Structures are given as C-alpha cells and as structure tokens.
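Letter by letter, the sequence shown follows residues 140 to 461 in the numbering used here.
Every residue gets a Cβ at the ideal spot worked out from N, C-alpha and C, and that includes glycine.
Owing to the predicted nature of the structure, the values given are computational and were not obtained by experimental measurement.
Read the structure below first, then the notes.
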Amino acid sequence: MSKKKQVREVNLYFSSLKFEPYADLRGKHNTRSILKEVFEYLREKRNNGQGHLIDRHEKRDKAESRELFMVSHRKVPREDRFRCSMALLRKGKQPKLKPTDKFKLLPITDLGGDIVEETHFFIDFSTEKCIICSEFNDKGPRTSDLIYYLRNVAGSSTLKLARSTENTKFFNNTLEETLANLKNVLHMDVKFRPSSLAQMDADVRKNYYSSMENIGKMFKPKFFRVETYFQIPGSNAPVDINNEANNWFRDMLRIFKQRKRNQKLFENFEVKYEDSSGLEQTFNLLKNRASITIEVESKKDIKNKEMYKLISPGLGKFVGSL
C-alpha cells in the first residue's frame, strides 16, 4: 500500500507597485520602464558574480539588522512577468540539526556560511498596474521588504530613477494591518450613492456624513465623491501629522471591521497613508481580494519555476479582474 503524500498549503498575496520617477524623468520613465531597469541592473550584478545586499534596518539605532538580497530573477518567456526570489539573512538564535538516526542536536552553523530564509515573488507588468504576487513566509522576506529593496535600487542610492514607491495591498487582513501601521493620512478618495447614505448606520451617517445628507436633499446628485489631499502632489516636503484625519480613518476602519454591512455601501473608499516605517501605502476597501493557495509536498523545497506554474492561472485571473 503506497504511503499517502503529506502536503502543506502555501499562500500568496496580491499587491500593486508604482514607481514615482523624478520630475525631470517623468516623460521618459514610468513604472514599467523603471522595473525593467532595476532587473537589468540586478542581472548585470549577477553576471559579474556580485549581488545587491541592503540592510533595511541600517539607519535604526539598536535594531537588529535585516539584510536582504535577490537570489534569482528571470523574465518569463513571451510574457510580461518576472519570477524572482529574495533571501533574508537570518540573525539571532540559530536553528539546530537533528541527525536522522540519533537523538541529539548539532549546531547548524558547523556547516559554515549563513542561514537564510527565501521567499518567492512574481511580478506581472502586462498592464498599467504592476501586480506583485508574493509568497507568505513568516520568517522570510515580506512584500514590504521587496518594495523597500526595489525602491533602494531604483532610488537615489543606486539608479537615481524613482523618488518613491507606492504599494497598494490587497490582503484579506488589510484592516488589521492598516490599523496597526497607520502613521499619517496623506490622501483620501471616497464615493457613494445618496441611497447608500440613507442605509448607513445612524451614528456613521450623523458623525461623518451629515453634511452630505443636506447636500443630497438640495441638489439630488447621482453620487457623492469626497477627494482630499493633505500634501502637495509631487512635493518632497514633510507632512505634518493630521490627527483629525487619522482619527476619522481609524474610526471608519473599526466600523468596517465590526459592522461589515457598511462596507458594501461605498462605490470607492481609497486612502493613501504613511505607515510606521515611513513608506507610502494605499488602503482600498473594495479590492480586498483573497489570496492564491497552492498545495506542495510538505518536505519538498519547491523551486521558483515550479511554483510559478502553480500560481500562473490564478495570477492571470486576478490581473484580468482589475
């Protein structure tokens, strides 16, 4: 009787990436062209037997280093996609190895070299929205590490092409992540129908949208749309902490989390904010899509090319739905 294969689930999550080129390069470069330049730079490094290693925590006092480098990066033949993997050098307490036939532990450092955690990423740039499909690895590099890494290569320290990056997350747990990491609201774009306003919970309507109710009675619009900027577009000037906007956004996230019926009443609810790491993020209520889940043999070290074959249909379906 054949032994049943044991499998493990691997979850991969979607987000989008946008490069903001420097002002004098806006007519020449966009996200697609900058992304290609970044991977061409990494390819040349690799061909010369080198790599681009960065420490994400280099500027943090007393913080344990978080050193990252790109292990592999390949353009998929005949497709506008890259498949790549990134490594995080493991710091702190190191794991040990148990020999198969003995009940003892051996220091894994005796093998020499550094312990790393590897995460697989896949990037689709076939449309204006550059979509990232990233493996979730709680011990390895995260999507935010990849974004930071690409920004480092494209930015002032290396290629000098992009002044910033923008990352829109489509995670199932966006609400929790945003609440935990929100530092300052930069821009918001909210849209809903007058009929939806009437269906909102009474306290939500009264505390946050009462002025809209009066406008609706007077002018009878088809839609309400509120778009606000708390920074000058294209400016590098620091933005003051906006406590009022931050509190409004936190309150709305808690309402969406606790009373989910209010979520479906919005045609659009997108807020750009600065997170606790200083990165610009975008919360989009209506694009909180599910992850891709694949099954692989529990003890198999799946290769990047093999994983791509498994996730490719789901990635294509997601990109096609945008």
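Out of the options, which has the shortest C-alpha to C-alpha gap to residue i?
i: Phe-405; options: Thr-266, Phe-358, Gln-338; result: Gln-338
i: Leu-318; options: Phe-221, Pro-452, Ile-394, Glu-159; result: Ile-394
i: Phe-331; options: Lys-361, Tyr-347, Pro-280, Asp-340; result: Lys-361
i: Ile-262; options: Phe-153, Tyr-288, Phe-208, His-196; result: Phe-153
i: Glu-434; options: Ile-450, Glu-419, Lys-403, Asn-187; result: Ile-450
i: Lys-456; options: Ser-265, Leu-156, Ala-341; result: Ser-265
i: Trp-387; options: Cys-223, Tyr-347, Lys-442, Val-210; result: Tyr-347
i: Glu-203; options: Arg-147, Asp-194, Leu-454, Glu-315; result: Asp-194
i: Lys-278; options: Thr-367, Arg-217, Leu-207, Glu-315; result: Leu-207
i: Thr-421; options: Glu-409, Asn-187, Ile-431, Thr-432; result: Glu-409
i: Lys-230; options: Ala-384, Asp-253, Ser-295, Val-292; result: Asp-253
i: Lys-359; options: Asp-440, Ala-376, Pro-333, Lys-184; result: Pro-333
i: Met-225; options: Lys-198, Lys-201, Tyr-287; result: Tyr-287
i: Glu-445; options: Lys-167, Arg-171, Val-215, Lys-201; result: Val-215
i: Asn-385; options: Lys-235, Gly-166, His-326; result: His-326
i: Ser-172; options: Arg-213, Gly-453, Glu-267, Asp-440; result: Glu-267
i: Lys-399; options: Asn-353, Arg-213, Lys-237, Leu-314; result: Leu-314
i: Ser-211; options: Thr-170, Lys-198, Asn-186; result: Asn-186
i: Arg-147; options: Asp-440, Pro-452, Gly-453, Tyr-447; result: Asp-440
i: Arg-213; options: Ser-349, Tyr-447, Lys-235; result: Tyr-447
i: Pro-452; options: Glu-218, Gly-355, Asp-163, Asn-291; result: Glu-218
Does the separation of the CB atoms of residue i and residue j fall below 8 angstroms?
i: Ser-437; j: Gln-145; result: yes
i: Phe-260; j: Leu-285; result: yes
i: Val-149; j: Glu-274; result: yes
i: Ile-443; j: Arg-220; result: A quick correction: the sequence has Asn, not Ile, at residue 443. Their beta carbons are not under 8 angstroms apart, which means Asn-443 does not touch Arg-220 by this criterion.
i: Val-329; j: Val-365; result: yes
i: Asn-401; j: Asp-340; result: yes
i: Ile-431; j: Leu-151; result: yes
i: Val-177; j: Leu-289; result: yes
i: Thr-307; j: Asn-423; result: yes
i: His-196; j: Met-209; result: no
How close, in whole Å, do the beta carbons of residue i and residue j come, if the pair is a contact with beta carbons under 8 angstroms?
i: Cys-269; j: Leu-174; result: 6 angstroms
i: Asn-276; j: Glu-305; result: Their Cβ separation, rounded to whole angstroms, is 23 angstroms, which puts Asn-276 and Glu-305 out of contact at 8 angstroms.
i: Arg-205; j: Leu-227; result: 7 angstroms
i: Arg-302; j: Tyr-161; result: 5 angstroms
i: Leu-336; j: Met-357; result: Incorrect: roughly 14 angstroms between the Cβ atoms, too far for contact.
i: Pro-280; j: Thr-258; result: 4 angstroms
i: Asn-407; j: Leu-425; result: 7 angstroms
Evaluate residue i with the Cβ neighbour count: other Cβ atoms within 10 Å of its Cβ, from every protein chain shown; 16 or more gives buried, anything less gives exposed.
i: His-282; result: It should be pointed out that residue 282 corresponds to Thr in this sequence rather than to His. Thr-282 should be labelled buried.
i: Asn-312; result: Residue placement at Asn-312 is poorly supported in this model, since its pLDDT is 48, which falls under 50; the coordinates are not used for a value here.
i: Ile-371; result: exposed
i: Glu-179; result: exposed
i: Tyr-368; result: exposed
i: Glu-159; result: buried
i: Ala-293; result: buried
i: Glu-183; result: exposed
i: Leu-88; result: Shown here, the chain extends from 140 to 461; a query on residue 88 therefore has no answer.
i: Glu-419; result: buried
i: Leu-454; result: buried
Confirm the yes/no value for this check: CB of residue i, any heavy atom of the ligand SAM, distance under 7 angstroms.
i: Asn-346; result: Inclusion of the ligand SAM in the displayed structure is not the case, the ligand content being empty and no account of it being possible.
Between the stretch 411 to 418 and the stretch 313 to 333, do three or more beta carbon pairs fall short of 8 angstroms? As far as the Cβ criterion goes, the stretch 411 to 418 touches the stretch 313 to 333, which means the pair count is three or higher.
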